[in-house]
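Enquirer: Read left to right, the sequence shown gives residues 1297 to 1695 (this note's numbering).
We put the CB at the ideal spot given by N, CA and C, even for glycine.
Quick caveat: nothing in here was measured; it's all calculated off a predicted structure.
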Amino acid sequence: MKTTLSELAVLGGPPAFEDLLHVGVPNLGSRDDLLARFNDILDRKWFTNNGIYVREFEAKICELVDSEHCVATSNGTIALELAIRALGLTGEVIVPSFTFVATAHALQWQEIKPVFCDIDPHTHHIDVDKVESLITPLTTGIVGVHLWGNPCNVEALADIADRNGLRLLLDAAHAFGVSCGDHMIGNFGDAECFSFHATKFCTSFEGGAIATNNAELAEKLQLMRNFGFDGPDNVIHIGTNGKMNEMSAAMGITSIESIDEFVKVNHQRYEQYRAALATVSGVELYEHQATSRHNFQYAVALIDESTAGISRDALLRTLHAEKVLARRYFYPGCHRMEPYRSYQPHAGLLLPETESVASKVLVLPTGKGVTEEQVDTICELLRFAANNGPELSQRLAQM
Ligand code: T4K
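(1) Indicate whether the contact test is met: 3 or more Cβ pairs, each with one atom in the region 1308-1321 and one in the region 1615-1634, closer than 8 angstroms.
(2) When the distance is taken between beta carbons, is G1503 closer than 7 angstroms to G1473?
(3) Can you grab the Cα-Cα spacing for the pair E1359 / G1461, in whole Å?
(4) Can you tell which of A1514, Q1585, A1571, C1498 has the C-alpha that lies nearest to the C-alpha of F1709?
(5) Within its chain, find whatever has a CB closer than 8 angstroms to the CB of H1318; leave out the 5 residues flanking it on each side and keep chain order.
(6) Grouping DSSP H, G and I as helix and E and B as strand, with all else coil, what is R1624?
(7) Is the region 1666-1673 in contact with the region 1576-1584, if contact means three or more CB pairs nearer than 8 angstroms?
(8) Closest by CA to A1382, which one among Q1593, E1651, E1488?
(9) Can you give the Cα-Cα distance for A1604 and V1657, rounded to whole angstroms?
(10) Please return the same chain residues whose Cβ sits closer than 6 angstroms to the Cβ of S1554, not counting the five positions on each side in sequence.
(11) CB-CB under 7 angstroms to F1334, same chain, minus the five flanking residues each way: which ones, in chain order?
(12) If you compare alpha carbons, which of K1356, R1637, T1436 is closest to V1397?
(13) Specify, as a first and last residue, the run of the alpha helix (DSSP H) that V1561 falls within.
(14) Under the three-state reduction of DSSP, which class applies to N1522: helix, strand or coil?
(15) Leaving out the 5 sequence neighbours to the left and right, which residues in its chain are closer than 6 angstroms to F1484 when beta-carbon positions are compared?
(16) Could you compute how far the alpha carbon of I1415 sits from the alpha carbon of W1444?
(17) Does the Cβ-Cβ distance between R1521 and T1369 come in under 7 angstroms?
(18) So, under 8 angstroms CB-CB, L1376 and A1402 are touching, yes? Tell me the CB distance rounded to an integer number of Å.
(19) Leaving out the 5 sequence neighbours to the left and right, which residues in its chain are closer than 7 angstroms to A1682 when beta-carbon positions are compared?
(20) Tell me which residues share the same chain as G1535 and place their Cβ nearer than 8 angstroms to its Cβ, disregarding the 5 neighbours each side in the sequence.
(21) Report whether the distance from the Cβ of V1666 to the nearest heavy atom of ligand 1 is below 6 angstroms.
(22) Please state whether DSSP places S1500 in a helix, a strand or coil.
(23) Measuring only from the beta carbon, is H1418 closer than 6 angstroms to any heavy atom that is part of ligand 1?
(24) How big is the Cα-Cα spacing for A1586 and H1421?
(25) In the DSSP assignment, find the alpha helix (DSSP H) that holds E1687 and state where it starts and stops.
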């Protein structure tokens, strides 16, 4: 416990932790089961191209998210790119700017203009009341993002898409294993894309998947992830190499087998942050929606500088010095990253909530990567820094 400002590592004291605490430390299920699967893959000598582990992983995803079809891919970005192309999106697509840049890049990569929509400051999701005003004759679709694992307003988005003849794709990279109303994420829009990157709570090292209830779309996606081949020597679509390999699928299966345990730990850490930060002035924990199933994979603090007397960035600097590598996801918003800031230099004028939220967010380490004691210490550091916000701010500014 630090009691004077000089004890803070950023002001010359010793760091609170010996080792770095990361956001996104991978979860590992049963090592024995994983290694047994790896050995089997090596014995079979079938490493990729729709192998048995990929098919088993896809079946397990369908079972868990209750969707009719699933196409596993090499990563979540390729899942988005494939879905965008298979759905025939062109021209302009409406998308939030407050998301990981892959959501926008998956469109721009195919020369589709991402038209950035502002967010609701409470949910951090695309503001459904602002979507329709962005529709032009060039608009072909909407990409909603289930940010932080919370379902975005799929009903309203589907309604807008239906009334305007648009496709609805959902970036569900954060929302594996989450329900929305009576259904699991994986059943909304034309398709939903998951990520199983190492930093996701349920991982396949690198990996992604597209879930859909449209059989024709699923078949097209399957061919498109394998260069568009429909049998030997016959290519019927423009395709790419988006295949998941067998090792990744084995890791994915092993992760799904431990998913309940991962969620339990995430949930425990989230509640711990919630309780401890409730009394820290100027630091608020983003509330996850009360869905029947959630994954709690992100612990997101929002720093209100006017109350805390210290900016989010100064707090980030303070935590980093203590070896807590909190992250500013998804600062500064896609519209302030290239090529979007060059293509659309004034986009920020229509994105006041995006800009405001992006300046407040601090994503904290959670899950099995941190212990309960470490979470306690992180909360104490935040409390101490926020309680001494103005003075700490001043001292940091003088450095
Ligand atoms: N849509 C959304 C909304 C997304 O958030 C993402 C990905 C995608 C689409 C695309 O899905 P993928 O194509 O990635 O499947 C990370 C991840 O790379 C990215 O998957 C994720 N979202 C994004 C939110 O976070 P970075 O640049 O922050 O990752 P990185 O490498 O800095 O890792 C974060 C921390 O995790 C590190 O400080 C250390 C720790 N870590 C990381 C890796 C890779 C480990 O401890 N072990 C590891 O193996 O983007």
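Expert: Checking against the coordinates, here is how it stands:
(1) Taking 8 angstroms as the limit for Cβ pairs, the verdict is that the region 1615-1634 does touch the region 1308-1321.
(2) Indexing the sequence shown from 1 puts residue 1473 at position 177. Indexing the sequence shown from 1 puts residue 1503 at position 207. In this structure, G1473 lies away from G1503, with their beta-carbon atoms at least 7 angstroms apart.
(3) Walking along the sequence shown from the start, residue 1359 turns up at place 63. Walking along the sequence shown from the start, residue 1461 turns up at place 165. Taking the straight line from one Cα to the other gives about 31 angstroms.
(4) Because the chain here runs from 1297 to 1695, residue 1709 falls outside it and cannot be looked at.
(5) Residue numbering aside, residue 1318 sits at position 22 when the sequence shown is read from its first letter. Result list for H1318: L1621, P1661, G1665, in chain order.
(6) For this step, residue 1624 is matched to residue 328 along the sequence shown. Here R1624 carries a coil assignment [DSSP, helix/strand/coil].
(7) Result no; under three Cβ-Cβ pairs closer than 8 angstroms.
(8) Numbered from its first residue, the sequence shown carries residue 1382 at position 86. Considering only Q1593, E1651, E1488, the residue with the shortest C-alpha distance to A1382 is E1488.
(9) By 1-based counting over the sequence shown, the position of residue 1604 is 308. By 1-based counting over the sequence shown, the position of residue 1657 is 361. Taking the straight line from one Cα to the other gives about 14 angstroms.
(10) As a position in the sequence shown, residue 1554 is number 258, starting the count at 1. Around S1554: G1325.
(11) For the purposes of this step, residue 1334 is taken as residue 38 along the sequence shown, with counting starting at 1. Result list for F1334: M1543, A1546, in chain order.
(12) In the sequence shown, counting from the first residue as 1, residue 1397 sits at position 101. Checked all of K1356, R1637, T1436; the closest Cα to V1397 is R1637.
(13) Translated into the one-based positions of the sequence shown, residue 1561 becomes position 265. Run containing V1561: 1555-1573, per the alpha helix (DSSP H) assignment.
(14) For the purposes of this step, residue 1522 is taken as the residue at position 226 of the sequence shown. If DSSP states are grouped into helix, strand and coil, N1522 belongs with the strands.
(15) Looking up residue 1484 in the sequence shown gives position 188. Only V1450, L1466 meet the Cβ criterion.
(16) Mapped onto the sequence shown, residue 1415 falls at position 119. Mapped onto the sequence shown, residue 1444 falls at position 148. Straight through space, the alpha carbons of W1444 and I1415 are spaced by roughly 13 angstroms.
(17) Reading the sequence shown from its first residue, position 225 is the one you call residue 1521. Reading the sequence shown from its first residue, position 73 is the one you call residue 1369. Yes, Cβ-Cβ distance for R1521 and T1369 is below 7 angstroms.
(18) Translated into positions along the sequence shown, residue 1376 becomes position 80. Translated into positions along the sequence shown, residue 1402 becomes position 106. Between L1376 and A1402 the beta-carbon gap is near 4 angstroms, inside 8 angstroms, which marks them as a contact.
(19) Stepping through the sequence shown from its first residue, residue 1682 is reached at position 386. Excluding positions up to five away in sequence, the list reads V1576, S1577, G1578, V1579, A1604, I1606.
(20) Within the sequence shown, numbered from 1, the residue matching residue 1535 stands at position 239. Hits under 8 angstroms: L1519, M1520, R1521, N1522, F1523, G1524, F1525.
(21) As a first step, residue 1666 is located in the sequence shown; it is residue number 370 there, counting from the start. No, the Cβ of V1666 stays beyond 6 angstroms of every heavy atom of ligand 1.
(22) Within the sequence shown, residue 1500 is the residue found at index 204, counting from 1. Correct three-state label for S1500: coil.
(23) Locating residue 1418 in the sequence shown gives position 122, counting from the first residue. No.
(24) Position 290 of the sequence shown holds residue 1586. Position 125 of the sequence shown holds residue 1421. Distance between the alpha carbons of A1586 and H1421: 16 angstroms.
(25) As a first step, residue 1687 must be located in the sequence shown, where it is residue number 391. For E1687, the enclosing alpha helix (DSSP H) begins and ends at 1685-1694.
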